[in-house]
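Heads up, the thing below is written out as structure tokens.
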Amino acid sequence: MSWLNVWPLMIPLMPGLAALWIGGVMGARNQSERHTAWIALTSMMISLLGIVTLDLWSIWQGLPGHRIWQTWWESGGTRITISWLLDLPALVMTTLVALGCLTAGRFGINYMHREPGFHRFFATLCLFASGMFWIALAGNALLTFVGWELAGVASFLLISYARERTTAAENATRALMTNRFGDAGMLFSLAMTLAAVGSVEWPRILNADFPPGAPPIPIILLGFLVAALAKSAQIPFFAWIARALEGPTPSSALFYGSLLAHAGVFLVIRLEPLLWHSPMWMTLLMLLGLTTAILAPAIGRVQSDVKSALIFSTQAQIGWMFFACGAGLFDLALVHMTMHASWRFYQFLLAPSYLQQGGMTARQVPGWLARSRSLYHFALQRGWFDNLTDALITRPTLALAQDARLFEEVVVNRIAGRPTHEIMLAQRAEWDDPLIQPLPDAHAITQGRGLFGRLLEKMAHILSWFEERLVLNSSGDGLVQGLRFLGDYLRHIDLSLGKPRYLILMIVLTFLVIL
1265 MSWLNVWPLM IPLMPGLAAL WIGGVMGARN QSERHTAWIA LTSMMISLLG IVTLDLWSIW
1325 QGLPGHRIWQ TWWESGGTRI TISWLLDLPA LVMTTLVALG CLTAGRFGIN YMHREPGFHR
1385 FFATLCLFAS GMFWIALAGN ALLTFVGWEL AGVASFLLIS YARERTTAAE NATRALMTNR
1445 FGDAGMLFSL AMTLAAVGSV EWPRILNADF PPGAPPIPII LLGFLVAALA KSAQIPFFAW
1505 IARALEGPTP SSALFYGSLL AHAGVFLVIR LEPLLWHSPM WMTLLMLLGL TTAILAPAIG
1565 RVQSDVKSAL IFSTQAQIGW MFFACGAGLF DLALVHMTMH ASWRFYQFLL APSYLQQGGM
1625 TARQVPGWLA RSRSLYHFAL QRGWFDNLTD ALITRPTLAL AQDARLFEEV VVNRIAGRPT
1685 HEIMLAQRAE WDDPLIQPLP DAHAITQGRG LFGRLLEKMA HILSWFEERL VLNSSGDGLV
1745 QGLRFLGDYL RHIDLSLGKP RYLILMIVLT FLVIL
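In structure tokens, the structure reads:
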């Protein structure tokens, strides 16, 4: 086995292990800030040395291309590997990620000094670095999706860094829900590629030599492009990135000024061979990129804070990159991405200094915008994209979550023998003050309507009869206590898994077990 098959694994693995160590998963407890910073920066320095080695080898011997380390999963005729695609876009993006993460980590040592979330910040930063390395180096679309998810989770955690603030938690949730649409799109395209060629390896997908009866190329591209547009906050997924600036400045600079916002551009560049077979999607990329590039500067000109002005400028530049990709200028888009990500990262890091020194104030509104009241109001309201996102994504998702919670309260808890929320409130009211009026009859609250509702109601009555007549009366208190103990234990597990640290642990453990 050539060393080139194994060497790239070290690059994403080192910051991933550092994230586990700093987070306490691997045994570290109560470490000092110096210890945390040393672990994080050392892992990123090793990753940087690893990618520089690959860069020098590529300059001397040529690009390594597609390399397979070992089989990840195999069933029937489908084989998924742990592989690397070491071409020019991958090496450029990986070098950019390594340099950016190392610089942000060094900057964050002083910026985050004595912050309560110092260790949490560096653990999440290492998790993000690992995810971005997987995106850049992955030799198949499934590994790209793994990195896509790791970077998305890290983004959510750092937007909600100040989790005691309601605004930070709400903005993190909005960003998470919007990006889930992109994730769903990528999963859709993964399923289509498996149906088309029986593989998720990038060379097989990009070869575009699909057998008769396979899904057409525009259908395969659909999900990938939705994921790219959502991650790079292009129209119609325009609103979430301005709300993502609630996190610390180093994370805002690295995620939204430099790396994460350009992940969608990188994915489009990766899809270049397929896009040449779909002029329709290339035309649409041009239109969406051009629209974003026109609207974002207008909105940015009326912003009164530094970070908001920079983020809308970032969206405009990324729009031009999508426009270049739609026009077939993929090499130009790659150069533009590299230079813009570096410069914007530097500007975001300087934002606190601008504010402190008064060196950057709100720019004067241009005459063409000031003369038109409707355009000025449009820019001031950020194009009403926040309202559009709430109507199409946020409120439907919250309504679905509320319905699921109601189903759990009314049906699942009754099946499990646990009291519903209404019954517990009524009992608490009776304990506190017997004069308080009881809540409405539970049967009136859960009364089914329509054919489906009446079937559910009938099923609930049958299960209730089964519970009262056959379960509770047949085994005495022993079974009841056993069921209550099991319910309390499962509820404790459910609440524990809902905590962010356990969520990260489960994601990392799942990935390690699969490996």
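Position in the sequence shown (first residue = 1) + 1264 = this note's numbering. For each residue, glycine too, the CB sits at the ideal point set by N, CA and C.
_Whole-angstrom C-beta distance between residue 1492 and residue 1528, which should lie under 8 Å_ = Sure, about 4 Å apart at Cβ, within 8 Å.
*Start-to-end residues for the alpha helix (DSSP H) that takes in residue 1565*: Taken as a continuous stretch (DSSP letters only), residue 1565 belongs to no alpha helix (DSSP H), as it is neither H nor E.
*Between the C-alpha atoms of residue 1467 and residue 1360, what's the straight-line distance to the nearest angstrom?*
23 Å
*Residues bridged to residue 1345 (per DSSP)*: Paired residues: 1335.
*asked:* Can you tell me whether residue 1377 is helix, strand or coil according to DSSP?
replied: If DSSP states are grouped into helix, strand and coil, residue 1377 belongs with coil.
*Touch test, the stretch 1334–1349 against the stretch 1379–1387, Cβ-Cβ under 8 Å, three pairs minimum*: no
_Under the three-state DSSP convention, the category residue 1369 falls into_ = It is helical.
*asked:* Mapping the DSSP letters down to three states, classify residue 1443 as helix, strand or coil.
replied: helix
*Hey, would you say residue 1322 sits closer than 8 Å to residue 1279, going by beta carbons?*
no
_Judging by CA-CA distance, which residue of 1332, 1610, 1395, 1288 is the nearest neighbour of residue 1277?_
The option with the nearest alpha carbon to residue 1277 is 1395.
*To which residues does DSSP link residue 1465 through a beta bridge?*
1404
*Which one or two residues does DSSP pair with residue 1329 in a beta bridge?*
1350
*Tell me where the alpha helix (DSSP H) around residue 1488 begins and ends.*
1481–1495
_Measuring only from the beta carbon, is residue 1560 closer than 7 Å to any heavy atom that is part of the ligand NAD?_
As presented, the structure is devoid of all ligands, the ligand NAD included, so that no description of it is given.
*Keeping to the same chain, check which residues put their C-beta closer than 7 Å to that of residue 1597; ignore five residues upstream and five downstream.*
1529, 1533, 1585, 1588, 1589
_At the level of alpha carbons, what is the spacing between residue 1372 and residue 1365?_
Straight-line Cα distance between these residues: approximately 10 Å.
*Considering only the beta carbon of each residue, do residue 1481 and residue 1538 sit closer than 8 Å?*
yes
*Reducing DSSP to helix, strand and coil, say where residue 1383 ends up.*
helix
*Which whole-angstrom value describes the C-beta separation of residue 1786 and residue 1506, a residue pair presumed to lie in contact below a C-beta threshold of 8 Å?*
In the structure as shown, the chain starts at 1265 and stops at 1779, and residue 1786 therefore has no counterpart that could be examined.
*Terminal residues of the continuous alpha helix (DSSP H) containing residue 1584?*
1570–1590
_residue 1271 versus residue 1483 - alpha carbon distance_ = Cα-Cα distance, rounded: 35 Å.
*State buried or exposed for residue 1469, treating a residue as buried only when at least 16 other CB atoms are found within 10 Å of its CB.*
buried
*Taking just the CA atoms, how far does residue 1600 sit from residue 1567?*
25 Å
*Should residue 1282 go down as buried or exposed, given a rule of 16 or more other Cβ atoms within 10 Å for buried?*
buried
_For residue 1514, count the other beta carbons within 10 Å of its own beta carbon; 16 or more makes it buried, fewer makes it exposed. Which is it?_
buried
*Roughly how far, in whole angstroms, is the beta-carbon of residue 1385 from the beta-carbon of residue 1425, given that I think they are within contact range, below 8 Å?*
7 Å
*What is the DSSP secondary structure of residue 1411, reduced to helix, strand or coil?*
helix
*Mind checking residue 1510: buried by the 16 CB within 10 Å criterion, or exposed?*
buried
*From 1671, 1390, 1649, residue whose alpha carbon lies closest to that of residue 1499*: Cα-wise, what sits closest to residue 1499 is 1649.
_So the candidates are 1563, 1606, 1570; which of them puts its Cα closest to the Cα of residue 1638?_
Ranking 1563, 1606, 1570 by Cα distance to residue 1638 puts 1563 first.
*State the DSSP-derived secondary structure class of residue 1739, mapped to helix, strand or coil.*
Caution applies to residue 1739, whose pLDDT of 48 falls short of 50 and renders its modelled position unreliable; the value that the coordinates give is listed next. Correct three-state label for residue 1739: helix.
*How is residue 1279 classed by DSSP in three states: helix, strand or coil?*
helix
*Span of the alpha helix (DSSP H), counted from its first residue to its last, around residue 1528*: 1527–1534
*Please say whether residue 1517 and residue 1368 have beta carbons closer to each other than 8 Å?*
yes
*residue 1274 and residue 1329: beta carbons closer than 8 Å?*
no
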